[in-house]
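According to numbering that gives the first Met the number 0, the residues represented by the sequence shown are 0 to 201, in order.
Backbone N, C-alpha and C define an ideal beta-carbon position, used for all residues, glycine too.
One structure is given below, encoded as structure tokens.
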Amino acid sequence: MSFNDDEQLLAPPDSGPKPTPIIQGRAQVVSKNKSTVPLEETKLRVLLEITGGDSSNDRPGLDLVAVLDVSGSMAGEKLAKVKTAMLFVIKKLSPIDRLSVVTFAEDARRLCPLRQITEDSQKFLENLVNGLNADGATNITAGLQTGLKIINDRNLSGGRSVGIMLMSDGEQNRGGDAAQVPVGKVPVHTFGFGVNHDPRVR
């Protein structure tokens, strides 16, 4: 099966001319005025919000494949934490990025192709993640192989960075040695869940 149906990048609706951003970020001050104040020196509370600059203009777009363990050992709190982590990732990606979601238990399944991050796709991806259930054995090898194939089969790849994000408790009991999957130059970032998670991918 070929995974060359990655979504092509469309310009976001607000992609017209924009004011030059402050490279170091921006600061916003919110103060509350009082109609009457004492004549002596008075302290007022002021809210200062500092936001980092938008780095999406300075970096290449990211094609990220999330490879998620949904085997039986992930049931309960572990899967809940995976969902929380994924919802955070989805919110942090920008319109120049694309995300694909792969789940694995005894086998691996690609739940969606690489999707450009838009308001609509964010809702779709959030619903996808919230609907995950845990059951079955653990085949990390199959999950990594599927994630790697999604990246290697892309139609749009020029000038883009890539990555695989593996979330698991590491308790593999199906498939071969996951550490032997030939990922080449594709970075694989592993995140362990559970007090007794195995930090080694094998």
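Exercise. Tell me whether Lys42 is buried or exposed, calling it buried when 16 or more other Cβ atoms sit within 10 Å of its Cβ.
Key: exposed
Exercise. Would you give the residue range spanned by the alpha helix (DSSP H) that Ile89 belongs to?
Key: Glu76 to Lys91
Self-check item: DSSP bridge partner residues for Thr189 (one or two, in chain order)
Solution: Leu165
Practice problem: Identify every residue that forms a DSSP beta bridge with Arg109. | Solution: Val101
Quiz item: Is there at least one Cβ from chain D nearer than 8 Å to Asn129's Cβ?
Solution: Of the protein chains in the structure, only one exists, and it is not chain D.
Quiz prompt | Proximal residues to Ile152 (C-beta, below 6 Å), its chain only, five neighbours per side dropped | solution = It should be pointed out that residue 152 corresponds to Asp in this sequence rather than to Ile. Cβ within range, chain order: Ser1, Phe2 and Asn3.
Practice problem: Identify the continuous alpha helix (DSSP H) that holds Asp119 and give its terminal residues. | Solution: Glu118 to Asn129
Practice problem: Hey, could you find the ends of the alpha helix (DSSP H) Leu147 is sitting in? | Solution: Start and end: Ile139 to Asn151.
Quiz item: Out of curiosity, what's the CA-to-CA distance linking Phe87 and Glu40?
Solution: In this structure, the straight-line span from the alpha carbon of Phe87 to that of Glu40 is close to 44 Å.
Practice problem: Let me know the secondary structure DSSP gives Gln179 once reduced to three states. | Solution: helix
Exercise. Within its chain, find whatever has a CB closer than 6 Å to the CB of Pro18; leave out the 5 residues flanking it on each side and keep chain order.
Key: Because the pLDDT at Pro18 is just 45, under 50, the model does not fix this residue reliably, and the point stays unresolved.
Quiz item: Val100: which of Leu155, Thr83, Val64 and Thr140 sits nearest, CA to CA?
Solution: Val64
Quiz prompt | Proximity of Gly202 and Val66 at Cβ, strictly below 8 Å | solution = With the chain running from 0 to 201 in the structure shown, residue 202 is simply not present.
Exercise. Taking Ile139 as the reference, give the member of Phe192, Glu105, Arg109 and Leu131 with the closest Cα.
Key: Considering only alpha carbons, the answer is Glu105.
Quiz item: Is there contact here, the segment 124 to 138 with the segment 180 to 195, by at least three beta-carbon pairs under 8 Å?
Solution: Contact between the segment 124 to 138 and the segment 180 to 195 is absent, because fewer than three Cβ pairs lie under 8 Å.
Quiz item: Between which two residues does the beta strand (DSSP E) carrying Val66 extend?
Solution: Leu61 to Asp68
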